[in-house]
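Undergrad: Add 3 to a position in the sequence shown, counting from 1, and you land on the number used in the numbering used here. The structure's right below; bear with me while I get my questions together.
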Amino acid sequence: YSEYVGFLGRVAALPDPPDAIEVWNEQNIDREWPNGQISPQTYVQSMLAPAYQTIKGANPNVMVISGAPAPTGAFGGGCSASGCDDAAYVNGMAAAGAANSMDCIGIHYNEGIISPTQTSGDPRGNSSHYTRYFWGMVNAYYNAFGGSRQLCFTELGYLSPEGYGGLPGGFSWAGNVTVGQQAQWLAEATSLAASSGKVRMLIVWNVDSTTWGNDPQAGYAIIRKDGSCP
């Protein structure tokens, strides 16, 4: 932890510093945090809080964003040492005092297959799950902190296989999403975020990735394989 926190402090102290630093990424799953040690309390106390103090000490103008959890319902609505549903993790962060150590709540929304204007009607199983919906995630995260902090989308994107062929199995849920829908839904999500009063920043995931395989990042890109950008 101390090595990482020190690194963030040096980044904040650069002559041309970043506008913001997100402290880690998707720390609620064991792809990004050691299995058996996943804990929102540990994250806040050992990483986020000291990072916030170090970053602000180096440059108080650098915005600190909490690490955005991975959207998931795989843990039955709860939190365990091997992984946490994102809402449970965010609630755990709030209970551990994370609001005192961040300027903005990190959030990822990358599994949508319907318009962000909708709050029901997702065709997949567990269609009432909050991560299926733009507003479901926005309200879950924002309300966890009682509205005391706005949200910063460090990833918001819609996956479309158009132009690339079939999606790998873990992403087959997006098989029917068109590029036209991707463009429309990104525009809608940006407009909703801007007018909500709950969102401070939104980064589109992603602009121009060409990676296609088990992690089909190019399918999220707004610049498509043929060079077009609808």
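Note that beta-carbon positions come from the ideal geometry of N, C-alpha and C, so glycine has one too.
1. If we require 4 or more residues per run, which alpha helix (DSSP H) segments fall completely within the stretch 119-201?
2. On the DSSP letters alone, give me the boundaries of the beta strand (DSSP E) that ALA101 sits inside.
3. If ILE24 and LEU11 are in contact, beta carbons under 8 Å, what's the gap, nearest whole angstrom?
4. Quick check on DSSP: helix, strand or coil for VAL207?
5. What runs of the alpha helix (DSSP H), each 4 residues or longer, lie entirely inside the stretch 10-70?
6. Is TYR4 helix, strand or coil by DSSP?
7. Measure the C-alpha to C-alpha separation of GLY189 and GLY160 and round it to an integer number of angstroms.
8. PHE174: which of PRO37, TYR92, ARG127, PRO233 sits nearest, CA to CA?
9. Return yes when the Cβ of SER104 is within less than 7 Å of the Cβ of LEU51, no when it is not.
10. My understanding is that ALA196 touches PHE156, with C-beta atoms under 8 Å, so please give their C-beta distance in whole angstroms.
11. Only counting the same chain, and skipping five residues up and downstream in sequence, which positions put a Cβ closer than 7 Å to that of VAL207?
12. How far does the beta strand (DSSP E) with GLY79 in it reach, from first residue to last?
13. Starting from ILE226, trace the beta strand (DSSP E) both ways and give me its first and last residue.
14. When the Cβ atoms of the stretch 107-119 are set against those of the stretch 65-83, are three or more pairs found closer than 8 Å?
15. Using 8 Å for Cβ pairs, my map puts TYR133 next to ALA143. What's the rounded Cβ distance?
16. Check GLY95 in the structure and name its three-state DSSP category.
17. Which same chain residues, not among the five before or five after ASP88, have their C-beta less than 8 Å away from its C-beta?
TA: Reading off the structure:
1. If only complete runs of 4 or more residues are kept, the stretch 119-201 shows the alpha helix (DSSP H) at 137-147, 182-199, in order along the chain.
2. Residue mapping note: residue 101 aligns to position 98 of the sequence shown, counting from 1. In the DSSP assignment, ALA101 falls outside any beta strand (DSSP E), carrying neither H nor E.
3. Reading the sequence shown from its first residue, position 21 is the one you call residue 24. Reading the sequence shown from its first residue, position 8 is the one you call residue 11. About 6 Å separates the CB atoms of ILE24 and LEU11; that is less than 8 Å, so the two are in contact.
4. Locating residue 207 in the sequence shown gives position 204, where the first residue counts as 1. Residue state, collapsed to three classes: strand.
5. With a minimum length of 4 residues, the unbroken runs of alpha helix (DSSP H) contained wholly in the stretch 10-70 fall at 52-61.
6. Counting from 1 along the sequence shown, the entry for residue 4 is found at position 1. Here TYR4 sits in coil by DSSP.
7. Indexing the sequence shown from 1 puts residue 189 at position 186. Indexing the sequence shown from 1 puts residue 160 at position 157. One detail in the question is off: residue 189 reads as Leu in this sequence, not Gly. For LEU189 and GLY160, the distance between alpha carbons rounds to 7 Å.
8. Position 171 of the sequence shown, counting from 1, holds the residue named residue 174. The residue among PRO37, TYR92, ARG127, PRO233 with its C-alpha nearest the C-alpha of PHE174 is ARG127.
9. Against the sequence shown, residue 51 aligns to sequence position 48. Against the sequence shown, residue 104 aligns to sequence position 101. The criterion of a C-beta distance shorter than 7 Å is satisfied by LEU51 and SER104.
10. Translated into positions along the sequence shown, residue 196 becomes position 193. Translated into positions along the sequence shown, residue 156 becomes position 153. Indeed they touch by this definition, with Cβ atoms about 7 Å apart.
11. As a first step, residue 207 must be located in the sequence shown, where it is residue number 204. Hits under 7 Å: LEU159, GLY160, LEU189, ILE225.
12. Taking the first residue of the sequence shown as position 1, residue 79 is located at position 76. Premise fails: GLY79 is in no beta strand (DSSP E) and is neither H nor E.
13. Locating residue 226 in the sequence shown gives position 223, counting from the first residue. Annotation: ILE226 is outside any beta strand (DSSP E) and is labelled neither H nor E by DSSP.
14. Enough Cβ pairs lie closer than 8 Å, so yes.
15. Sequence index remark: in the sequence shown, residue 133 carries index 130 (1-based). Sequence index remark: in the sequence shown, residue 143 carries index 140 (1-based). Correct: roughly 5 Å between the Cβ atoms.
16. Start at 1 with the first residue of the sequence shown, and residue 95 comes out as number 92. Under the three-state reduction of DSSP, GLY95 is assigned to helix.
17. Taking the sequence shown and counting its residues from 1, one reaches residue 88 at position 85. Answer for ASP88: ASN31, THR75, GLY76, ALA77, PHE78, GLY79, GLY80, GLY81, CYS82, listed in chain order.
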